[in-house]
Structure formats: C-alpha cells, structure tokens
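Trainee: Okay, here's the structure, questions in a sec.
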Amino acid sequence: MSLLHLLTLSPFLLAVLIPFLGKAVPRLHKGWFAAALSAFVFATLLGYLADVRDGSPIIESFDWIPSLGISFTVYLDGLSLLFALMITGMGVLVALYSIAYMNAAKESLTRFYVFLLVFMGAMLGLVLSDNLLTLYGFWELTSITSFLLIGYKNEKHRSRYGALKSLLITMAGGLGLLSGFILLYVMSGTYRIRELFEAGAPLVSHPLFLPAMILILLGAFTKSAQYPFHIWLPDAMEAPTPVSAYLHSATMVKAGLYLVARMSPIFAGTAEWFWIVSLGGLVTLLYGSVASLKQTDLKGILAYSTISQLGLIMSLLGLSSLSGIFDGEEQMLYAAAGTAAMFHLLNHAVFKGALFMAAGIIDHETGTRDIRKLGGLAQVMPITFTISLFGTFSMAGIPPFGGFISKEMFLDSVIEPLHAGVFGLSTWAALFPIVAWIASVFTFVYSVLFVFRTFLGPRKKPLINKKIHEAPLLMVLPPALLAVMALVLGLFPGTVAYSLIRPAAEAMMPIVTASGERLPMDIKLWHGFTPALWMTIAVVGVGILLALTVRRWMKLYAFIPRRVSINRFYDISLRFFEHITVRVTSLYMNGSSRSYVKYILGFMMLVLGFILYRSTDISYRVGAYAQIAPYEWVILLGLAAAALAVPFAKSRPVAIILTGSVGYLMTLMFVFLRAPDLALTQMVVESISVTLYLLCFYHLPKLRTERQAVRFRLPNFLVAVAVGVLMTLVALAVLGTNPFEPVSDYYVRESYESAGGKNIVNVILVDFRGFDTMLEIMVLGVASLGIYNMIKLRRKATDVGSRHVSHEDDESDDVADRFRKAQYGHDGPIEVPRKKEPWINCVSDLNDKAPEQEKNSDSEFEPEPESDCGLSDSDSEADNSRKKGGDQDA
Amino acid sequence: MPRGSDIFLQNISKIVVFIILAFALYLFFTGHGSPGGGFIAGLMSAGALLLLALAYDIETVRKVIPIDFKIVTAVGLLIALCGGTGALLFGEPFLKHAFGYFDLPLLGKTELHTALIFDLGVYLAVVGVTMTILLTIGEDN
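Chain order of the listed sequences is G and C.
Once you know that position 223 of the first sequence is 592 in the working numbering, the rest is easy, because the numbers rise by one and skip nothing.
Once you know that position 106 of the second sequence is 157 in the working numbering, the rest is easy, because the numbers rise by one and skip nothing.
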C-alpha cells in the first residue's frame, strides 16, 4: 500500500465515514468534508508534478488477488496526472459550489456526497490503474455513480428517465469495453497496459485486433457521448447542477477521451483507428454545435456544447494518431494535434465548469433556466455576467482566452492531413477543415447567444418584477476562479504547457519521444498570420452575421424531421424490449416453484448426462465396498421408506415431516460414517427448515387444508427417477474414476501448516476459499432481503388492486415509516401504502397515453396466488441452506 | 400457536434456549480446530431463537430481542469485508489471514487467528439472514 493507493482509495473511505461525520458535526455542511479531501488529494498530487514533468512516471504495484493475476497497480504518468489533477481540482471547486447550491434543509445531503465521493474515487482509480480489469471496474463504477446522481431527485420522472438512459447506454458500451479488454488479453496474454504497449507488431496483425479496437471504441464513444450515442447526455442534465458541472462536462464524460488517449500507443497508426476516431469526433463536433443552437434550456445548450467539444477533442486524438506512421519533421506536426487535444481538454474543463456553475447560479437566483424568459441580468448579476462572458469567449475561441489557443491549434491540425496522402486522405482530407470551420461558426453563434440573450437586452415579462440579486460569495467564487483561469491559460499558457500538457501528450504518443527528445511545445497566444488565424477571423465575421440574423434562419430547424430521431429510436426499442422480455419471461416464469425445480433438475440432467455419456475415461465402481452393518441397513431402509412415502402423503405437513425424517436419518448416517461436521450442519439445517414450514402453517391457517391429493403425473415421475439414476451413476463414477490427485490431500496437508486450523471444513470456508464464502453470505443476505421485500410488498399490490401509475407523489419517507410500523407495530390492520412504480417502466410513462396500455402488460407481473408464496419462499431458504451444507461437503 | 398454549414447551425452552446458545458459542470458538464454525453456530443460534418463537410467538421474540435482523446481516457482511480488507493494511493480499500462539491468562497457550473475525462476520450474516427470513414469513398473516 503506497501513498498513491491510499490517495486513490481515500474518497471511498470518506464516503463510508460521511454519514457518521454528518451525525458528529450536524451543523457543518457535509460538502466541506468533500472539499477538504479533494483539496488534500489535489495538493498531494501536485507533489508528483516535478517527477512526471521530467518524464519519469511513478509506478506502485499492489497484489490484489495474486492467484488470479489481478493486481492494483497505480501508474502515474503525464496523462494520468493531468486527469487526476482535473478530477481533484474540479472536485474542490464543485464541492465548494455545492455547499451553497445544495440546501441541507430540503435534501438528503449524505446520499449526495456519498455518491459524489465514490464517483471521485472511481474516477481517480480509472485514470491511475495500470491493469485493464481494475480500470474496467472503476469505469463501471463511474457509470453507476453517474446513474445515482442523475436520479438524485428520484421523485421526478425525468430524473429517473435520464438516469436509466445514461445507465443503459454507458453500460452497453462498458460491456463492449470489457469484451475488447478480454480480446486484448487473448491476443497478448496480459492485462497490464504497460506490457500491452510493448507487444507491438504481432498485435496489429492479429485477426482479433480490429474487433478489439471497435469494442473498446464502443466503450469510449458511449461514455464520451459521441454521435450517435450522445442522446443520454442532454437527459443527464436532470442531475443537480454541481453534478452536471463535475460529471457531465469536466470529468466523467472525458473518461472516454482518456481511454482513447491511453489506448493510442496500441492502436494508433492503423487506418481504422484514424478514421473511426477522427471522423466520429468530427461528426459529433458538427452535430453538437448545430443542435445546441435550438436548445432553450441553459443547461441543454451546455449539454450539446459539451457533446460538440468532446467530439472536437476526439477528432484531435484521431488526427494525432497519424504521428505513428511518419517520422522526423512530419511526425512532430501530427503530434501537435495530440498536444492540442490535451490543452483543449484542460481548457474545456475550465470554461465549461465555469459556465455550468453560472447556469446554476442563474437557475438558483431567477428560478428558471429557459433562455427565452431570461434577459437583462447583467445589471443585477455583474459577477456572473463576467464569468459567463469569460467562459463563452473561451469556448468560442476568442482571444485572449485559453480556448482561443487550443482552437487555433485545432484548426492547424485539421489542415495538416491535406499533405498526408495516406489512408485515402488525398481524396478526403478536405473534409476536415470544412467541417471544423462550419462547426466553429456554430460554436461561436451559440456561445455568443448564450451570454448575450441571458444577460443583455431588456428584462422579459415573467421576471420583470422579481427581485434578483447576485448569488452568495461561496457560490460565485468557484466559477470566478475558473473564469480567471480561462484568462490565465490564454495569457500565460506556459504555466501549464511544460509541466502538464507536454508530459500528457508524450504519454499518449510514446513513439514520438522514443528517441529521447522532448515534444516541442508551441502553445502561445500569437502565432502570426497562419491559415488558422484567417479561419478564426472568418469564423468571427460570419458568426457575428449569423448571430444578428438568428431569428430569420432559425426556422430552418423546423425542417429537421422530428419523428426520425435517435431518441425516438431509443424509446421505441426500449419499450419493445420491455414488452418482449415480459412475454418471454412469463413463458417460463409461471410462479410455481414446482416447475422451477423441474427446470433446474432438467438442466442438471442434460449437462451431467451429456458429460457422463461423452467421457470415455470414466469407470463405474460397482463392487468392493465396505461392509454395511445391520444397524446401517435399518437406517437405510428407513431412509428409503420415508423418501418413497413422500409422494403418497395426503397432506402437506405429513409430507414435510417425512422429508424431515429423511434428513434426520441422513444425519444419523453421517454420525456413523464419522463426519461430525456434516452431521451438525445437516441437523441444524433440517431442524430449521422443518420448523420454518411449521411456523408458516401456524400463521397461514388456510394453507393447512391441502387442495387435493397430488395426482400421479408421468413427466414428474420420469424426472424424479432420472435424477435418482443419474446421481447414483455420478456417485459410482466419482468412486471409480480418479484422474487427478485429489485436492483433499492438499487441504489435509496445508490446513494446519499454513492456516493453523485442524477443522479442514472450516479452514476451507474461512481461509482457503474465503472469497467464495464472502460472496455466498452476500448472496444469502440479498436473498433474505428479496424474501423480505416480496412478502412485505406483495400485499400492497393485491390490496390496491389497480397498479395505476402516479409519479407526482414523493412518499418515500412515508413508505419507510409505514414499513417500520408494519414490522414492529401492533396486530391491528395495517394500512397499505401504494406500490411504487418499478424503474423499468418509467420510459413508457413519457407518453401520455401509455399508462392505460402499460397496465395490460403489467398484469403479467401480478403477484402469485397466496397459497404458493409461503412455500416457494421457504423453499428458497431451504435451498440456500442446503447449498451451504453442500459446500461443506467439499 | 396461541399465546400460552403449551406450558411445558415454554418452560423447557426458557432453559434450553440458553443451552443451545451456549453450545452455539462453543461451536463458534472451537470452529477452527474441531467441528463447528461460524456457519453452523449461526444456524444453531437462529434455531434457538426459532424455538423461542415456536414456544411463545413472534411478538415475544421481537420484544425480547428488539433488533432488526436485516441490520445484523449488514453488520456481519461488513465485518467479513473489513476482516478481509484489514490484510491490505499490512501489505498482504485481500482476505489473507494470519494466526499465532499466545499465552493468555486462564486459557494458557491459545491460538488466535484473524480468520475468527471473518468467521464472526459469517456468523452474524447467517443469524441475520435466517432470522429475517423466518420472521418475515412467520409474521405474514
């Protein structure tokens, strides 16, 4: 455990402590803890700056599960450091901002800061891990925390919709990412990124290379909201504004860019990588900037603008991959695209963070984010106006802000491919500067309109009489710092160029610095009259013209067909899949535990039977067993008799007692066979499951009257006989075949030597296979909660009768309260709260006429009839215990 | 079963419950060296409480042990997890256990092992799970 590990894990630690700290110091806003921690991590990370600047990355390894080759290796190079500083630096500002923004009296802040801290830790882990699997784990954790934070106001339907959408899309990409990582492992035999870099040429010629690349890019594109996966980001704006500023502009959406940059050394230099990344980015850039203009919500504008800017950086990353196939002078020219990408990454975090916070301030003070209702705020909110001005000018690429420099570098980089002449660029290279220029014009227009329509002009009607004033200091300070930074980055880019940007770009393109020389840094405000500058001048000219005449040509947007949108495709396909899933699931999940047993046994028979049938080296041992003593015969006969009597039992209690006696006789057999552990377990499990049944019958008197004697059914009979025969065969085969050295020898030898225990079963459970046990008790816990919920929630559904949807209510506290009453209260009639709508259905609620139609498909989820429930639940309990008992047999 | 209907069962179980619980405790501590362990001990403790519930009724059990067993499960899982994570602080892999022999007053030379912490987690989780299921189903009328 090194300091870097502790830094990475510290947000998780604080997340655990937050609820207790909140109780200990209730008067202190919980945001201060988060701010203090991120400030501490930020400051500590700054200490690594000197080492990383000189090109010596820091690596700290820690074996997590060595037997599986999973280690938690922290690797801090320029790229990781740039991201880590952005994550923690923005973390400080966002936490400070949220202290003023989030109202402790109205909302549950514990939840908010726990999610935020877990996110911060996951993000740090993502950019610092060297192992693909740990990277993937952290990657998914960011998706989950993002889901939780978007759905923070879970009483609002739009929040739930947005949260689910982001989860589904980013998780689908995450699955692609995992498959891509596994393919990389198949090709190279390692999960370590550093070793993958060295794998080199054999990797590129491998047939799985292209599939791996596409799958990994799928993950990156969904995370970074690239077209056509961008649709989740605008809906993610339902999250509280600090979250939007932090996750959905500065950090999480950049995880995709990080991944592309991180994977560049492996994939760069191939035509597919170049075209997918740069073209995907370019399309997103254009689409985002055009779509942003028709938004009326301030955060909506910023969301599309974020999509567009992410596309810009993505295309730069694609262009920089050309540096892999040239050398000398030309290589440096293309490498400049990588430098531009890193610089713009930083710039974007700065100005977009400031703008999001400004939008939050406007929302907070005026109560609306609709740009059509806003106007003339400059007089009353001069500081926010200045912040927005700085932010938008940096975004539009106007000097002397940081965004101007990186935009210039971007324009330089898109002109460069004109001279490349590879990958078919001689024909298509002209596409790059043209698209980039058009997108820049739109970016300019929406940036200018964003600030001028909000702050200048006359006050609009709804707000004309409202008293609006500047936000409190704590709320203004973080965006003001960012705005100042946007200016500093423009005027003095050297402050970051050599310390942050160069190491990051070099880490992304190790091939450039392979010969030992450093990447030249050409980041400065004045470049002379380059083609890029002329393009910028044209952008500003045309942009001003378009901004002035915006009302005349806005009508053009009406021609874009509404019905054929990706969002619509998402909604329809989601509802379609929901429908199909319900149909398919209800085909076999009919609510009768009897058929489930049949599935389980049937599957077991198929697999085991097939293996027994196909294996040639299995022999069955039929003779040479130990003598069976007379008293053992008695027990065995009793066992057989009890087991045979079960199907003929007339009532359920008799059947249960008969089953129980099978179990108890078994216990006796274990005792004779000198297996005290098994005997103990079997006895306790048997006692508990039998009494559980009896307990059920005391409290469910209706169940006691059995409906009818069980009829003879041939399929059931056949299944039962077949399972019996198969298990006997397996037992004989196990005794007769001995292909490997039995593992029990190892445990017998080692359990005292290396674990200090004499009870092998227990040593295996808690030590050798402790991880299994931990997961098993977790499963048990989940199962018990499941049973609890099934029983406590079941009656509500039947009592309310109709499961009509209503989302205007926020009754979560109420429900919890009634739950407690229901659990601990007196015997009196329990009032039943209304069933909350499951998450999955929230899409269908979007449509106004949906609830009627949904009700039908819902009816298939109708709770099971009373009579079956108690039994099936107790079945599953017994199954769990049995399974556990079975484990002890091992 | 209606309250107070079986006076023999009630009186016997008043004593037997403690014997079972004591035996469960013994099984728990002896688990590493001889038959026993957190899992069996947990089941057995749950069995003792179940006997109480059978002899009296669930409300009595609730009154005698006013604990939310769902929380017991959670605490158990947390202990198991922390017992595993603790190894990380000593630079060992997750869930790595250590043991040693110590001379303790009264007990003499005793083996102490960190696996017991993990086992305690298992014990609490099993008690919590079993009791949650039993009480939930038993209370459902």
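Don't be surprised by glycine CBs; every beta carbon is placed ideally from N, CA and C.
Return helix, strand or coil for R529 (chain G), following the three-state DSSP convention.
Mentor: In the first sequence, residue 529 (chain G) corresponds to position 160, counting from 1. In this structure, R529 (chain G) counts as helix in the three-state DSSP scheme.
Trainee: Would you please state the rounded distance, in angstroms, between the beta carbons of S528 (chain G) and K522 (chain G)? I believe it to be under 8 Å.
Mentor: The sequence position of residue 528 (chain G) within the first sequence is 159, counting from 1. The sequence position of residue 522 (chain G) within the first sequence is 153, counting from 1. Correct: roughly 5 Å between the Cβ atoms.
Trainee: Counting contacts by CB-CB distance shorter than 8 Å, is C1211 (chain G) in contact with chain C?
Mentor: In the first sequence, the residue the question calls residue 1211 (chain G) occupies position 842. Legend: pLDDT at C1211 (chain G) = 35, less than 50; position of this residue unreliable, value from coordinates given subsequently. By this cut-off, C1211 (chain G) is not an interface position.
Trainee: Note down, in chain order, each residue of its chain lying with its Cβ closer than 8 Å to the Cβ of F381 (chain G), except the 5 sequence neighbours on either side.
Mentor: Here the question's residue 381 (chain G) lines up with position 12 in the first sequence. Cβ within range, chain order: L486, V487 and G490.
Trainee: So, is the C-beta of I188 (chain C) closer than 8 Å to a C-beta in chain G?
Mentor: Within the second sequence, the letter at position 137 stands for residue 188 (chain C). Yes, because at least one Cβ of chain G sits closer than 8 Å to the Cβ of I188 (chain C).
Trainee: Indicate the three-state DSSP secondary structure (helix, strand or coil) for G159 (chain C) in the structure shown.
Mentor: By one-based count along the second sequence, residue 159 (chain C) stands at place 108. Residue state, collapsed to three classes: strand.
Trainee: Quick one: which residues of the stretch 1124 to 1152 of chain G get their C-beta closer than 8 Å to a C-beta of chain C? List them in chain order.
Mentor: Hits within the stretch, in order: A1124, G1125, G1126, K1127, N1128, V1130, N1131, V1132, L1134, V1135, D1136, G1139, F1140, T1142, M1143, I1146, M1147, L1149, G1150 and A1152.
Trainee: Is V394 (chain G) helix, strand or coil when you go by DSSP?
Mentor: In the first sequence, the residue the question calls residue 394 (chain G) occupies position 25. If DSSP states are grouped into helix, strand and coil, V394 (chain G) belongs with coil.
Trainee: Who are the neighbours of V1054 (chain G) on chain C, taking C-beta pairs under 7 Å?
Mentor: For the purposes of this step, residue 1054 (chain G) is taken as residue 685 along the first sequence, with counting starting at 1. Correct list: L94.
Trainee: Taking 8 Å as the cut-off, does the stretch 72 to 80 of chain C touch the stretch 149 to 158 of chain C (at least 3 CB pairs, one atom from each stretch)?
Mentor: The stretch 149 to 158 of chain C vs the stretch 72 to 80 of chain C: no contact.
Trainee: Give the interface partners of T181 (chain C) over in chain G, defined as CB-CB distance under 7 Å, in chain order.
Mentor: In the second sequence, residue 181 (chain C) corresponds to position 130, counting from 1. Within chain G, the residues near T181 (chain C) are I1057.
Trainee: Below 8 Å on the Cβ atoms is my guess for V177 (chain C) versus F90 (chain C); work out the distance and round it to an integer in Å.
Mentor: For this step, residue 177 (chain C) is matched to residue 126 along the second sequence. For this step, residue 90 (chain C) is matched to residue 39 along the second sequence. Rounded, the Cβ-Cβ distance is 6 Å, consistent with contact.
Trainee: Compute the distance between the beta-carbons of T442 (chain G) and R561 (chain G), then report whether it is under 8 Å.
Mentor: Residue mapping note: residue 442 (chain G) aligns to position 73 of the first sequence, counting from 1. Residue mapping note: residue 561 (chain G) aligns to position 192 of the first sequence, counting from 1. Their beta carbons are under 8 Å apart, which means T442 (chain G) touches R561 (chain G) by this criterion.
Trainee: Pick helix, strand or coil for E429 (chain G), following the three-state DSSP scheme.
Mentor: Position 60 of the first sequence, counted from the start, is the residue given in the question as residue 429 (chain G). If DSSP states are grouped into helix, strand and coil, E429 (chain G) belongs with the strands.
Trainee: With distances taken between CB atoms, is the gap from T653 (chain G) to L780 (chain G) smaller than 8 Å?
Mentor: If you number the first sequence from 1, residue 653 (chain G) lands on position 284. If you number the first sequence from 1, residue 780 (chain G) lands on position 411. Cβ distance not < 8 Å, so T653 (chain G) and L780 (chain G) don't count as in contact.
Trainee: Which residues, in chain order, does the stretch 107 to 127 of chain C contribute to contact with chain G at a C-beta distance below 9 Å?
Mentor: Those residues of the stretch 107 to 127 of chain C that come within reach of chain G (Cβ to Cβ, closer than 9 Å) are D108, I109, E110, R113, P117, D119, F120, K121, T124, A125 and G127.
Trainee: What does the Cβ neighbour count give for I774 (chain G), buried or exposed, with the cut at 16 atoms within 10 Å?
Mentor: Numbered from 1 along the first sequence, position 405 holds the residue referred to as residue 774 (chain G). Its Cβ being crowded by 16 or more others within 10 Å, I774 (chain G) is buried.
Trainee: Have a look at G:Y505, G:Y615 and G:E524 and flag the residue whose alpha-carbon is nearest the alpha-carbon of G460 (chain G).
Mentor: In the first sequence, residue 460 (chain G) corresponds to position 91, counting from 1. When each option's Cα is compared against that of G460 (chain G), the closest is G:Y615.
Trainee: Using a C-beta to C-beta distance shorter than 7 Å, which residues of chain C count as neighbours of D739 (chain G)?
Mentor: As a first step, residue 739 (chain G) is located in the first sequence; it is residue number 370 there, counting from the start. None at all; the shortest Cβ gap to chain C is about 44 Å.
Trainee: Using only the alpha-carbon positions, how far apart do V646 (chain G) and M683 (chain G) sit?
Mentor: In the first sequence, residue 646 (chain G) corresponds to position 277, counting from 1. In the first sequence, residue 683 (chain G) corresponds to position 314, counting from 1. Their backbone Cα atoms lie some 6 Å apart in a straight line.
Trainee: Checking 8 Å against the spacing of the C-beta atoms, do T823 (chain G) and S757 (chain G) come in under that value?
Mentor: The count along the first sequence starts at 1 and reaches residue 823 (chain G) at position 454. The count along the first sequence starts at 1 and reaches residue 757 (chain G) at position 388. Closer than 8 Å, so yes.
Trainee: With respect to the alpha helix (DSSP H) encompassing L662 (chain G), which residues constitute its N-terminal and C-terminal limits?
Mentor: Taking the first residue of the first sequence as 1, we reach residue 662 (chain G) at position 293. A640 to L662 is the extent of the alpha helix (DSSP H) around L662 (chain G).
Trainee: Spell out the partners DSSP gives R617 (chain G) in its beta bridges.
Mentor: If you number the first sequence from 1, residue 617 (chain G) lands on position 248. What sits at residue 617 (chain G) in the sequence shown is His, not Arg. Per DSSP, none; premise fails for H617 (chain G).
Trainee: Could you pull the DSSP bridge partners for N500 (chain G) from this structure?
Mentor: Position 131 of the first sequence, counted from the start, is the residue given in the question as residue 500 (chain G). Answer is G:R561.
Trainee: Does G729 (chain G) come out as helix, strand or coil in the three-state DSSP assignment?
Mentor: By one-based count along the first sequence, residue 729 (chain G) stands at place 360. Of the three classes helix, strand and coil, the one that applies to G729 (chain G) here is helix, per DSSP.
Trainee: Does any C-beta atom of chain G lie closer than 8 Å to the C-beta of A138 (chain C)?
Mentor: The sequence position of residue 138 (chain C) within the second sequence is 87, counting from 1. Judged by the 8 Å Cβ criterion, A138 (chain C) is not in contact with chain G.
Trainee: Does the structure place the stretch 466 to 484 of chain G close enough to the stretch 605 to 624 of chain G that three or more beta carbon pairs sit under 8 Å?
Mentor: These segments touch.
Trainee: Do G1105 (chain G) and S988 (chain G) have their beta-carbon atoms positioned less than 8 Å apart in this structure?
Mentor: Indexing the first sequence from 1 puts residue 988 (chain G) at position 619. Indexing the first sequence from 1 puts residue 1105 (chain G) at position 736. Yes; because the gap between Cβ atoms is below 8 Å, this pair is in contact.
Trainee: If we call anything under 8 Å between Cβ atoms a contact, is G531 (chain G) one with Q595 (chain G)?
Mentor: By 1-based counting over the first sequence, the position of residue 531 (chain G) is 162. By 1-based counting over the first sequence, the position of residue 595 (chain G) is 226. Taking 8 Å as the Cβ cut-off, G531 (chain G) and Q595 (chain G) do not qualify as a contacting pair.
Trainee: Are the C-beta atoms of A131 (chain C) and some chain G residue less than 8 Å apart?
Mentor: Residue numbering aside, residue 131 (chain C) sits at position 80 when the second sequence is read from its first letter. With 8 Å as the cut-off, A131 (chain C) counts as an interface residue toward chain G.
Trainee: Helix, strand or coil for V749 (chain G), going by three-state DSSP, please let me know.
Mentor: Counting from 1 along the first sequence, the entry for residue 749 (chain G) is found at position 380. V749 (chain G) falls in the coil class under three-state DSSP.
Trainee: Are the Cβ atoms of F431 (chain G) and H374 (chain G) separated by less than 8 Å?
Mentor: The count along the first sequence starts at 1 and reaches residue 431 (chain G) at position 62. The count along the first sequence starts at 1 and reaches residue 374 (chain G) at position 5. Contact: yes.
Trainee: In the DSSP assignment, find the alpha helix (DSSP H) that holds L1034 (chain G) and state where it starts and stops.
Mentor: Within the first sequence, residue 1034 (chain G) is the residue found at index 665, counting from 1. Segment R1021 to F1041, the alpha helix (DSSP H) holding L1034 (chain G).
Trainee: What does W797 (chain G) touch in chain C if you count any residue whose Cβ is under 8 Å from its own?
Mentor: For the purposes of this step, residue 797 (chain G) is taken as the residue at position 428 of the first sequence. Simply none; closest approach about 51 Å.
Trainee: From this set, C:A125, C:L94, C:L129 and C:G87, which residue's C-alpha is nearest A323 (chain G)'s C-alpha?
Mentor: In this structure chain G extends from 370 to 1259, so residue 323 (chain G) is not present and cannot be described.
Trainee: Spatial neighbours of L552 (chain G) within its chain, please: CB distance less than 8 Å, with the 5 preceding and 5 following residues excluded, ordered by chain position.
Mentor: On the first sequence, residue 552 (chain G) is found 183 positions in, with the first residue counted as 1. So the qualifying residues of the chain are L577, P580, A581 and L584.
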